[in-house]
Amino acid sequence: MDAGTPGTSIPSLPRLGQSAPAFQAETTHGTIRLADFAGSWLILFSHPADFTPVCTTEIVAFAQIAPELRQRNVELLGLSIDSTYSHIAWVRAIEQHFKATIPFPIIADLNKEIATLYGMIMPGESKTETSRCVFVIDPNGILRAMIYYPLTTGRNTDEILRLIDALQATDKHSVATPANWRPGDKVILPPPKTIEGAAERLKAGYECADWFFCKIELPKDG
Amino acid sequence: MPCVKPDGTLEPMAQAIIRVLRTPHTAEEICESLRLPLYRVRSTVRELVEARLVAEADGQFSLTGAGAERVRQQS
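Residue numbers (the numbering used here), protein chains in the order written: chain A, 21 to 242; chain B, 74 to 148.
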């Protein structure tokens with residue numbers, strides 16, 4: 021029975037701004053809990069299956085951005101519904117054939133416990149594989165962003181780096197980031213919430229198209 | 074318990090951590106000493122505590138008697 025069919029219960033999904041669901045998992049780096057990442061940003065991502073071509077390109081792409089993420093205090097954690105032995109064999113095959121080292125752990129979620137908890141399985145696509153999901157969890161364990169891609173389409177790790185930069189800029193400077201923002205671009209001031217605030221905003225010397233749309237440059241270190 | 078092999082010996086990372094813990098360290102200090110990510114230290118130290126090779130007090134981790142004996146065997 022497909023999800024959405026009358027009588028089928030649809031599992032609750034994680035929500036932005038709420039605590040990421042806690043878990044303990046067997047991984048290629050041993051038993052890990054979500055709480056072990058406290059104090060770091062975490063990118064929890066799922067792939068459909070080991071030893072498949074698109075997933076191989078993605079895991080290599082994640083490995084390539086791992087050093088840049090580490091500089092930003094971000095850890096990576098992969099997941100699929102495969103065994104630890106399958107993950108180990110895949111990681112070793114990637115080292116051998118693609119000359120890439122996978123420096124982050126991969127969860128062996130054979131019982132689909134975490135996949136279900138995070139809503140990674142899309143029954144309309146596959147009941148046995150996780151979709152290409154990305155969950156960005158902040159150092160306080162709050163779920164800050166989610167990305168879902170279908171089985172057919174590999175993710176863009178450059179966008180994931182950009183997303184991390186944007187979230188960290190928001191936290192550091194209490195600003196928002198416009199479409200296609202990149203570090204160094206101007207950011208958006210939160211709109212005023214009162215008539216008086218709107219009038220003050222226009223007098224404050226910011227670059228404003230209107231009272232609700234003002235941009236500023238961040239300090240060079242930010 | 075992945076950090077302890079079936080034959081009772083320790084995985085390399087667990088061995089490295091108990092060597093560091095000849096003097097008490099916090100998890101963060103172990104990270105700095107071994108240049109490991111914090112999540113890896115936390116998970117391994119938790120298993121060493123469960124194996125009663127390491128004890129925690131006020132955020133500091135130190136070897137138990139059994140842990141010190143294990144270090145002596147490795148040296």
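Note that CB positions come from ideal geometry on N, CA and C, so glycine has one too.
The model shown is predicted, which means the values in this text are computed figures rather than measured ones.
Helix, strand or coil at residue i according to DSSP, with G and I counted as helix
| i | result |
| --- | --- |
| G144(A) | coil |
| Y105(A) | helix |
| C153(A) | strand |
| C228(A) | strand |
| F118(A) | helix |
| E220(A) | helix |
| E237(A) | coil |
| E46(A) | strand |
| Q133(B) | strand |
| H193(A) | helix |
| A199(A) | coil |
| A69(A) | coil |
| S32(A) | coil |
| S148(B) | coil |
Residues of its chain near residue i, where Cβ-Cβ distance is below 6 Å and the 5 sequence neighbours each way are ignored
| i | result |
| --- | --- |
| R152(A) | Y169 and R175 |
| R115(B) | A100 |
| P97(B) | Q133 and S135 |
| F118(A) | V80 |
| G24(A) | Note that G24(A) scores a pLDDT of 48, beneath 50, so its modelled location is shaky and nothing firm can be said. |
Neighbourhood of residue i by C-beta, 8 Å cutoff - its chain only, sequence neighbours within 5 removed
| i | result |
| --- | --- |
| A135(A) | S66, L99, I101, D129, I141 and T150 |
| I127(A) | A45, E46, T47, I52, L97, G98, L99, S100 and I134 |
| E88(A) | L181 |
| R202(A) | R182 and D185 |
| A165(A) | L36, V154, F155, V156, L183 and L187 |
| Q38(A) | I162 and L163 |
Min CB distance residue i to chain B below 8 Å
| i | result |
| --- | --- |
| I63(A) | no |
| F43(A) | no |
| I126(A) | no |
| H49(A) | yes |
| S103(A) | no |
| G59(A) | yes |
| T184(A) | Residue 184(A) is actually Ile in this sequence, not Thr. Cβ-Cβ to chain B under 8 Å: no for I184(A). |
| D56(A) | yes |
| A40(A) | no |
| I52(A) | yes |
| A23(A) | Below a pLDDT of 50, predicted positions are generally treated as unreliable, and A23(A), at 45, falls in that range; no measurement from the model is reported. |
| E179(A) | no |
| E95(A) | yes |
Closer than 8 Å to chain A by CB, residue i
| i | result |
| --- | --- |
| S106(B) | no |
| E120(B) | yes |
| S116(B) | yes |
| R92(B) | no |
| L233(B) | No statement about residue 233(B) is possible, as the shown extent of chain B runs from 74 to 148 and does not include it. |
| P110(B) | yes |
| R113(B) | yes |
Under 8 Å between C-beta atoms of residue i and residue j
| i | j | result |
| --- | --- | --- |
| A7(A) | L163(A) | Residue 7(A) is absent from the structure shown; chain A starts at 21 and stops at 242. |
| K235(A) | I215(A) | no |
| V156(A) | L137(A) | no |
| L126(B) | R113(B) | no |
| T137(B) | A130(B) | no |
| V94(A) | S146(A) | no |
| V74(A) | A120(A) | no |
| C76(B) | A87(B) | yes |
| F82(A) | T177(A) | yes |
| P210(A) | W231(A) | no |
| A224(A) | G161(A) | no |
| E179(A) | K206(A) | no |
| P125(A) | H49(A) | yes |
| I2(A) | T76(A) | For chain A, the structure presents residues 21 to 242; residue 2(A) sits outside this window and is missing. |
| L111(B) | C104(B) | yes |
| L238(A) | A196(A) | no |
| P34(A) | G139(A) | yes |
Chain-order list of residues whose beta-carbon lies under 7 Å from that of residue i (same chain, five-residue window excluded)
| i | result |
| --- | --- |
| W110(A) | D70 and F71 |
| N200(A) | none |
| T117(B) | C76, M86, A87 and I90 |
| H107(A) | T48, D70, I126 and A128 |
Near the ligand FAD: residue i beta-carbon under 7 Å from a heavy atom
| i | result |
| --- | --- |
| S66(A) | Ligands in the displayed structure: none, and consequently the ligand FAD is not present. |
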